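Here the structure is laid out as structure tokens; the discussion comes afterwards.
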Amino acid sequence: MKSTLLSRQDLEFLLFDWLRVDELTRRPRFTEHSRETFCDTLDLCEQLASRYFAPHNKKSDAQEPTFDGKTVIIIDEVKEALAACADAELIGMAMDYALGGAQLPATVAQAGFAWLLAANVSTAGYPMLTMANANLLAEFGNPDQIDAFVKPMIAGRFTGTMCLSETQAGSSLADITTRAEPRADGTYRLFGSKMWISGGDHELTDNIVHLVLAKIPGGPTGTKGISLFIVPKYLVNPDGTLGERNDVVLAGLNHKMGYRGITNTVLNFGEGGHRPGGEPGAVGYLVGAEHRGLSYMFRMMNEARLGVGMGAIALGYTGYLKSLEYARGRPQGRPVSAKDPATPQVPIIEHPDVKRMLLAQKSYVEGALALALYCARLVDIARTAESEDERDHATALLDILTPIAKSWPSQWCLAANDLAIQVHGGYGYTREYDVEQHYRDNRLNPIHEGTHGIQSLDLLGRKVTQRDGASLAALHQAMTDSIAAGRRAGGEPAEAATQLDAVIQRLVAVTAGMFAAGDIDAALANSAVYLEAFGHVVIAWMWLEQLLAVGGRTGDFYDGKRQAARYFFRYELPKTGPQLDLLERLDRTTIEMQPDWF
1 MKSTLLSRQD LEFLLFDWLR VDELTRRPRF TEHSRETFCD TLDLCEQLAS RYFAPHNKKS
61 DAQEPTFDGK TVIIIDEVKE ALAACADAEL IGMAMDYALG GAQLPATVAQ AGFAWLLAAN
121 VSTAGYPMLT MANANLLAEF GNPDQIDAFV KPMIAGRFTG TMCLSETQAG SSLADITTRA
181 EPRADGTYRL FGSKMWISGG DHELTDNIVH LVLAKIPGGP TGTKGISLFI VPKYLVNPDG
241 TLGERNDVVL AGLNHKMGYR GITNTVLNFG EGGHRPGGEP GAVGYLVGAE HRGLSYMFRM
301 MNEARLGVGM GAIALGYTGY LKSLEYARGR PQGRPVSAKD PATPQVPIIE HPDVKRMLLA
361 QKSYVEGALA LALYCARLVD IARTAESEDE RDHATALLDI LTPIAKSWPS QWCLAANDLA
421 IQVHGGYGYT REYDVEQHYR DNRLNPIHEG THGIQSLDLL GRKVTQRDGA SLAALHQAMT
481 DSIAAGRRAG GEPAEAATQL DAVIQRLVAV TAGMFAAGDI DAALANSAVY LEAFGHVVIA
541 WMWLEQLLAV GGRTGDFYDG KRQAARYFFR YELPKTGPQL DLLERLDRTT IEMQPDWF
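So for the sequence shown, UniProt numbering puts the first residue at 1; every next one is plus one.
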């Protein structure tokens, strides 16, 4: 029986037929791996997802965490799933052997972790954040910090969080007020409050490692004065044992429409609930240099953005597969040409409009999955680059694709979940069917780790212009290479290549024109439209790449790939035309709207 979480055949097609991840084993970092170890990892993740994560997905949604004033209460199955994840050594899948990791390619690790996200995105949120936290500290922490915090996280004894937002600041990190006062022993004492902290308090592991952005008094104003600190729930003694409870206090739980199984918290630092050594303030340890905290945190933020994108894809994908299974088994109605009501009803998958909805979902989720794994492969290439040029090229591509890989799936795989509900008809919005929850869970992803608006400003206001447009030029060249390959292949790939080439040329020209006009406010006013158009071009490129990987092979799987590509090129890519028209005009409708007119 095929899984309704993800398609193993699709994952293997993308990993081995298209991205050829087994070729990464030629690089020194991955020489101890093989296609066999990669497939074993996928097997393990699929088994854990099915056995430990999926069974309590609905239960953890219905019985979300509660706080009795002292302790957070979470259903037992969450702890069991995290213990299984730790026992399988999945948290360190892509991390160094020296740290206790398995040193797998990020591409394989992401493909494996997608199973957990599809099975239970809330429970998978704990290890996802822990991985990103550990990766940041492995890169920027000192050896003592790595021993005290990173290795226990990889072993599954500790979990990690990221503490950025504050009630009065939101995404405007320049306005955070949490302060860190230096002490003579080299530690700091933190005072302040953080909001929307996923995984911020629980009893699931021995300790929680908070990475906290704060300002040291007397430092520069704005973002240039932000530093990064490790603030553990429990202090860690030199021998690795747990010490005193730190002054990190749970002020309350936030109650969300989705992702209900993971605690989402308000945390107070230094409010006096616990006073290590009798002194006020939460004990914190500076990561790296003072006032460099935001640059360090971007390491975790960008990883989390890619993780949010993969979570959106996993939710869209499992919703698609469940609506597909429902459509195959639900008899209703007859073909429009069948006039005799005595004839048997047909499965709804036979109706053209249901096919349209399923095709749309397929084109969104399979296109987005290709993008997420392509980005993961760029991480591997940058990490193991054999030359500076190779590293710079991979980094430039990853920079410009990250806002797309976060936001496009968050919008369009959510649209897939919407269509999955529609395919189910009246059953779709009942809690008895999973697709209702998948939509609620996925609706958070357009906000998680930076809204669409923030990602669009990052893309248009920074990524396309940085280093004199080097990232955009790198992406344009990569797409041009695919277009050339499509034309050489002839037939349908050549047709798609020609269509894509025309849209890309227009996108590049419109981008240049928006900045040439010298009206930066007008250029950025419709950055969200730009992000959507840009994302559609990128996903069309992913579909051209998949067409090329399919080649002349036949069979249901490959024929389905071709049809999904056709759908995207015929139904979706043309939507960019009016969007580019709007951008080209530098339309000022939103700027000119006055608050009193609403």
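From the three backbone atoms N, C-alpha and C, an ideal C-beta is built for every residue, glycine too.
Keep in mind that this is a model prediction, so the values were computed, not measured.
- By the Cβ criterion, the segment 571-580 is in contact with the segment 523-537, since at least three pairs of Cβ atoms, one from each stretch, lie closer than 8 Å.
- Separation of Ser407 and Val72 (C-alpha to C-alpha, rounded to the nearest whole angstrom) is 32 Å.
- Taking 8 Å as the cut-off, the beta carbon of Leu397 is found no closer than this to the beta carbon of Ala485.
- Remark: fewer than three beta-carbon pairs, one from each stretch, lie closer than 8 Å, so the segment 236-248 and the segment 176-186 are not flagged as touching.
- Classified as buried, Ala312 has 16 or more neighbouring CB atoms from the shown chains inside 10 Å of its CB.
- Between Glu390 and Ile404, the C-beta gap is not smaller than 8 Å, which leaves the two residues out of contact.
- In terms of CA proximity to Asp399, Thr465 leads the group Ile216, Thr465, Ala134.
- Comparing alpha-carbon positions, the option among Ala496, Gly278, Gly555 lying closest to Phe569 turns out to be Ala496.
- Put simply, the backbone Cα of His291 is about 21 Å away from that of Met195.
- If you ignore the 5 residues before and after Ser471, its C-beta comes within less than 8 Å of the C-beta of Ala396, Leu397, Asp399, Ile400, Lys463, Val464, all in its own chain and listed in chain order.
- When the beta-carbon positions are compared, Leu14 and Leu369 come within less than 8 Å of each other.
- Spanning the alpha carbons of Leu164 and Phe229 requires a straight line of approximately 11 Å.
- A Cβ-Cβ contact shorter than 8 Å links Val108 with Thr41.
- By the neighbour-count definition (other C-beta atoms within 10 Å, threshold 16), Ser171 is an exposed residue.
- The bridge partners DSSP lists for Ala84 come to none.
- The segment 218-232 makes contact with the segment 280-297: 3 or more CB pairs, one atom from each, lie closer than 8 Å.
- Between the alpha carbons of Gly428 and Leu321 lies a gap of roughly 14 Å.
- Each of Gly199, Ala516, Leu6 was checked against the Cα of Ala49, and the nearest Cα belongs to Leu6.
- Rounded to whole angstroms, Ala88 and Ala114 show a C-alpha spacing of 16 Å.
- The shortest CA-to-CA distance from Ala84 to any of Gln47, Val212, Val354 is the one to Gln47.
- Under the DSSP assignment, Trp196 falls outside any alpha helix (DSSP H), being part of the beta strand (DSSP E) whose first and last residues are 188-198.
- A contact between stretches requires three or more CB pairs, one per stretch, nearer than 8 Å, and the segment 326-338 fails this requirement with the segment 62-79.
- Just so you know, the alpha carbons of Ser482 and Leu460 end up roughly 23 Å apart.
- As far as DSSP is concerned, Met301 takes part in no beta bridge.
- In this model, Phe269 and Ala134 are separated by some 21 Å (Cα to Cα).
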